[in-house]
Amino acid sequence: MNDIVVDLDLRSYKIVVKSGSIKLFPDYLKLHDNIKNFVLISHDSIMKHHGFNLKSNLESLSYEIVEIILPDGDDSKDLKVYNRIITKMIESNCDRTSVVIALGGGVVGDISGFVASSFMRGIKYYQVPTTLLSMVDSSIGGKTGLNFSRKKNIIGSIYQPVSVIVDPDLLDTLPFNEKVSGLGEIIKYAAINDRSFINKLHEWVKDIESFPYTEAIERCCRIKAEIVTKDEKEIDLRRVLNFGHTIGHALESYFGFRKLRHGEAVSFGMMCSAWISLKKGFIDTEEYNLLIEIINQLPLPKLSKVDPDKIMHYINFDKKNENGKLNFVLLDGLGKAKVSQDVSSLEILESLKVLSEC
Ligand SMILES: NC(=O)c1ccc[n+]([C@@H]2O[C@H](COP(=O)([O-])OP(=O)(O)OC[C@H]3O[C@@H](n4cnc5c(N)ncnc54)[C@H](O)[C@@H]3O)[C@@H](O)[C@H]2O)c1
Numbered sequence: 576m577n578d579i580v581v582d583l584d585l586r587s588y589k590i591v592v593k594s595g596s597i598k599l600f601p602d603y604l605k606l607h608d609n610i611k612n613f614v615l616i617s618h619d620s621i622m623k624h625h626g627f628n629l630k631s632n633l634e635s636l637s638y639e640i641v642e643i644i645l646p647d648g649d650d651s652k653d654l655k656v657y658n659r660i661i662t663k664m665i666e667s668n669c670d671r672t673s674v675v676i677a678l679g680g681g682v683v684g685d686i687s688g689f690v691a692s693s694f695m696r697g698i699k700y701y702q703v704p705t706t707l708l709s710m711v712d713s714s715i716g717g718k719t720g721l722n723f724s725r726k727k728n729i730i731g732s733i734y735q736p737v738s739v740i741v742d743p744d745l746l747d748t749l750p751f752n753e754k755v756s757g758l759g760e761i762i763k764y765a766a767i768n769d770r771s772f773i774n775k776l777h778e779w780v781k782d783i784e785s786f787p788y789t790e791a792i793e794r795c796c797r798i799k800a801e802i803v804t805k806d807e808k809e810i811d812l813r814r815v816l817n818f819g820h821t822i823g824h825a826l827e828s829y830f831g832f833r834k835l836r837h838g839e840a841v842s843f844g845m846m847c848s849a850w851i852s853l854k855k856g857f858i859d860t861e862e863y864n865l866l867i868e869i870i871n872q873l874p875l876p877k878l879s880k881v882d883p884d885k886i887m888h889y890i891n892f893d894k895k896n897e898n899g900k901l902n903f904v905l906l907d908g909l910g911k912a913k914v915s916q917d918v919s920s921l922e923i924l925e926s927l928k929v930l931s932e933c
């Protein structure tokens, strides 16, 4: 496989997608001989399954490891947890040559990236994603974030890692519903960028047990790398990656982050956004039905009835963040997307009816 590169001049980096790559982690460090210590941030269960080998591998090369274990769940993306990590780093004499390793899903990746971007005005960090969602999405592109005052990712930065090391073997221990969440994001990439990928997914999702994860991960990483290379700061093009996210985020807030996983919420959001794209004549019925059929193959949780006004309340919060304009991502033919500021509240409300058919 050719390397996947996020090409950002001096901040360029490689995404390695390779079975067994976690065992080779020290090989990817060759350029960084002056390392004070590694700050390995993870969750307990991930450390047990995968982290101890990585840790002992580095220790056998005489590196000092500062291990920091976070509780599971989105609540860890919190200032108190941030405070605890920074305190431990200071107590462990970390300095500008310390290197953070984010070993986990999007939660670990987001807070670790923010720690790396802010500790002593920025230190190096590696993303070692362990969930499907983080392998295809959150570990790439440098978005870091914390939640504050019940607002998701309201504190954060765009700060690129030194490298992203993806080892698809780590998925062996990932719970099934976390895989389903990641599959939602995979479908997103195909819907916005790659019609031929849609046709493949149509086949692949029929038997999720034998889904070719490595091939799909590579494909998504390439798409994300290309988009981030063109628009790192999400001024225009990168926004298409938010397909399904406007309604998806509102559903996450409405149902609570414990009930609905990110990729599951995005899957429901994509159904509504596809419906609006159909009503506006941007996709035809055949394209709409194909996308809905693919999403419906995922064993998504059953949604109880939503209160449309409350969903609109959350969507309007997003709107306030965009200077009063909602940047809504629509399909422009299946396999292409565009950003529209011309989606009305009524269209959104009507699209929510799609959810009652799920
Ligand atoms: N930065 C970005 O660009 C971006 C993009 C999308 C989502 N996100 C963020 O990502 C977060 C969601 O991330 P997620 O879906 O990866 O969930 P997560 O990080 O909460 O992980 C889900 C669960 O899987 C467990 N787990 C992870 N890897 C495992 C493995 N290999 N084996 C066994 N268990 C494993 C974790 O312990 C956790 O309980 C949200 O906070 C969201 O806001 C960020």
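Under our numbering, the first residue of the sequence shown is numbered 576, with each subsequent residue one higher.
Yeah, the Cβ is synthetic: ideal placement off N, Cα and C, and Gly gets one too.
Since the model is a prediction, treat every value here as computed from it, not as a measurement.
### Query
Among Lys589, Ile886 and Tyr788, which residue has its Cα nearest to the Cα of Ser920?
Ile886
### Message
Tell me the rounded alpha-carbon separation between Pro646 and Ile869.
### Response
Approximately 34 Å, taken between the alpha carbons.
### Message
Are the CB atoms of Gly910 and Asp769 within a distance shorter than 8 Å?
### Response
yes
### Message
So within the stretch 611 to 637, which uninterrupted alpha helix (DSSP H) runs reach at least 4 residues, ignoring any that extend past its ends?
### Response
627 to 634
#### Entry: For Ile729: DSSP bridge partner residues
Answer by DSSP bridge pairing: none, since Ile729 is not bridged.
### Query
Among the residues of its own chain, which have a CB less than 8 Å from the CB of Gln916, if the five just before and after it don't count?
Lys900, Leu901, Asn902 and Phe903
### Query
By the 10 Å Cβ neighbour count, where 16 or more other Cβ atoms means buried, how is Pro787 classified, buried or exposed?
exposed
### Query
Which residues mark the beginning and the end of the alpha helix (DSSP H) in which Lys799 is found?
Tyr788 to Lys805
### Message
By the DSSP assignment, the beta strand (DSSP E) with Gly720 in it spans what residues?
### Response
Lys718 to Phe723
### Query
For ligand 1, is there a heavy atom less than 7 Å away from the beta-carbon of Arg797?
Answer for Arg797: no, Cβ out of range of ligand 1.
### Query
In terms of residues, what are the limits of the alpha helix (DSSP H) holding Phe772?
Arg770 to Trp779
### Task
To the nearest angstrom, report how far apart Glu790 and Glu642 are at their CA atoms.
Approximately 32 Å between the Cα atoms of the pair.
### Task
Quick one: give me the first and last residue of the alpha helix (DSSP H) that Lys900 is part of.
Looking at the DSSP string, Lys900 is not in any alpha helix (DSSP H), and its letter there is neither H nor E.
### Message
Tell me whether Glu753, by its Cβ, gets closer than 7 Å to a heavy atom of ligand 1.
### Response
yes
### Query
Thinking C-beta only, is Asp578 closer than 8 Å to Thr804?
Not closer than 8 Å, so no.
#### Entry: Euclidean distance between Cα positions of Lys652 and Glu932
33 Å
#### Entry: Proximity test, Val703 beta-carbon vs ligand 1 heavy atom, cut-off 7 Å
no
#### Entry: Contacting residues, own chain, Cβ-Cβ under 7 Å from Ile610 (five flanking each side not counted)
Tyr638, Thr672 and Val674
### Query
Alpha carbon to alpha carbon, how far is Glu784 from Ile661?
41 Å
### Query
On the premise that Phe843 lies in contact with Leu866, defined as a C-beta separation below 8 Å, what is that separation, rounded to the nearest angstrom?
At roughly 13 Å, the Cβ-Cβ gap does not stay under 8 Å, so Leu866 and Phe843 are not in contact.
### Query
For the putative contact between Gly717 and Pro736, defined by C-beta atoms under 8 Å, what is the C-beta separation to the nearest angstrom?
7 Å
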